[in-house]
């Protein structure tokens, strides 16, 4: 056993690269051979491709995993709000161009949180490229919007109101980030503080708060697309694996079960954890993904 392997797993198999899209440096993590089935991993808020660090090590021997950071997130370029259009439409366009530049012809799409509205915009545009959906606390149904969203509804209705903006901006604090990681987990002692500290260091960069507020406001456009995405599910019936943290107070498990209305053959696993399910149930999720892709002959 070498220093780079633990129990036969190559812990240095992940590579760290960039591609230039629309003049922005898009950072991404990549593991595994391009000759193997591709998993395109789309991250949520307030994190980045960092959320997939362990999953990429776990699956990199059997699959080709690619995880980009959106502009303003992680290690990608962070143009200011007056220099770049921070909307979900634009983020999807950036990722779509990234897919083309990277030469990804077919892929299974892992979507979590923000990754769902980004990914589903791409899937409805290029359904022929999507081999499977791997859904983890990524919403596409009104049933999946909890009372957590009420301050955001108020902000969307009156975005210039300082009091309403202040309430929403509180989500950008260290307390808000830590809350997302720890709420609903079985054992908080198993959740590394490095995760929320890493995310917070990116949120605290000068100018990033304005970027996140722009994305919060743009989120209002996502429910408007739900019917379109649900039609895509019904029409194309992509093989779908849903692994969902049951105790997520942002996207409750009702949002996971709602997928079965349009994807009755989807494989559903409600896990006893919170929003960032990979932090506590990453080993199980990796195993479920592997078994699911093999069973559905994804290659």
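Numbering (the UniProt record's numbering), first residue to last: 1 to 299. We treat Cβ as the ideally placed atom computed from N, Cα and C, and that holds for glycine.
Classification of residue i by the beta-carbon crowding that lies within 10 angstroms, buried from 16 upward
{"i": "residue 117", "result": "buried"}
{"i": "residue 40", "result": "buried"}
{"i": "residue 301", "result": "Since the first residue shown for the chain is 1 and the last is 299, residue 301 is missing from the structure and cannot be characterised."}
{"i": "residue 2", "result": "Per-residue confidence for residue 2 stands at a pLDDT of 42, beneath the threshold of 50, marking its modelled position as unreliable; the derived number appears in the next sentence. Label assigned to residue 2: exposed."}
{"i": "residue 263", "result": "buried"}
{"i": "residue 294", "result": "exposed"}
{"i": "residue 102", "result": "buried"}
{"i": "residue 108", "result": "buried"}
{"i": "residue 7", "result": "With a pLDDT of 48 at residue 7, under the threshold of 50, the predicted position of this residue should be treated as unreliable, and no value is reported."}
{"i": "residue 38", "result": "buried"}
Which listed residue (the options) has its alpha carbon closest to that of residue i
{"i": "residue 20", "options": "69, 48, 270 and 140", "result": "69"}
{"i": "residue 212", "options": "148, 166 and 108", "result": "166"}
{"i": "residue 153", "options": "172, 107 and 217", "result": "217"}
{"i": "residue 112", "options": "81, 67, 147 and 77", "result": "67"}
{"i": "residue 18", "options": "283, 76, 105 and 239", "result": "76"}
{"i": "residue 202", "options": "100, 229, 173 and 214", "result": "173"}
{"i": "residue 219", "options": "91, 81 and 52", "result": "91"}
{"i": "residue 140", "options": "283, 253, 282 and 296", "result": "253"}
{"i": "residue 233", "options": "125, 52 and 44", "result": "125"}
{"i": "residue 292", "options": "175, 81 and 241", "result": "241"}
{"i": "residue 46", "options": "299, 208 and 236", "result": "208"}
{"i": "residue 147", "options": "283, 230, 55 and 255", "result": "255"}
{"i": "residue 56", "options": "13, 82, 94 and 36", "result": "13"}
Whole-angstrom C-beta distance between residue j and residue i, which should lie under 8 Å
{"i": "residue 49", "j": "residue 74", "result": "6 Å"}
{"i": "residue 183", "j": "residue 196", "result": "Actually they do not touch by this definition, with Cβ atoms about 11 Å apart."}
{"i": "residue 79", "j": "residue 15", "result": "The Cβ separation is near 25 Å, so there is no contact."}
{"i": "residue 115", "j": "residue 44", "result": "6 Å"}
Would you check if there are 3 or more beta carbon pairs closer than 8 Å linking the stretch 52-60 to the stretch 83-101? The stretch 52-60 makes no contact with the stretch 83-101; the number of CB pairs closer than 8 Å stays below 3.
Determine, using beta-carbon pairs with one atom in the stretch 31-48 and one in the stretch 252-264, whether at least three such pairs fall under 8 Å. Segments in contact, no.
The stretch 130-137 / the stretch 262-282 touching (three or more Cβ pairs under 8 Å): Contact between the stretch 130-137 and the stretch 262-282 is present, because at least three Cβ pairs lie under 8 Å.
Is it true that the stretch 118-128 meets the stretch 221-231, where meeting means three or more beta-carbon pairs spaced less than 8 Å apart? Taking a contact to require three or more Cβ pairs closer than 8 Å, the stretch 118-128 and the stretch 221-231 qualify as touching.
Cβ contact (3+ pairs, closer than 8 Å) linking the stretch 150-164 and the stretch 285-297: Under the three-pair Cβ rule at 8 Å, the stretch 150-164 does not count as touching the stretch 285-297.
Suppose only complete runs of 4+ residues qualify. What are the alpha helix (DSSP H) ranges in the stretch 58-126, listed by chain order? 88-102 and 115-125, all fully within the stretch 58-126.
contact_flag[the stretch 235-254, the stretch 262-274] where n(CB pairs < 8 Å) is 3 or more: With a cut-off of 8 Å, the stretch 262-274 and the stretch 235-254 count as touching, because enough Cβ pairs lie within range.
Quick one: complete beta strand (DSSP E) runs, 3+ long, within the stretch 236-285? Those beta strand (DSSP E) runs which fall completely within the stretch 236-285 and span 3+ residues are 240-245 and 267-271.
Quick check on the DSSP output: what are the complete alpha helix (DSSP H) runs of length 4 or more inside the stretch 198-225, in order along the chain? The stretch 198-225 contains these whole alpha helix (DSSP H) runs: 208-218.
4-residue-minimum alpha helix (DSSP H) runs that sit fully inside the stretch 163-197, ordered along the chain: Within the stretch 163-197, the runs of alpha helix (DSSP H) at least 4 residues long that lie entirely inside it are, in chain order, 174-182.
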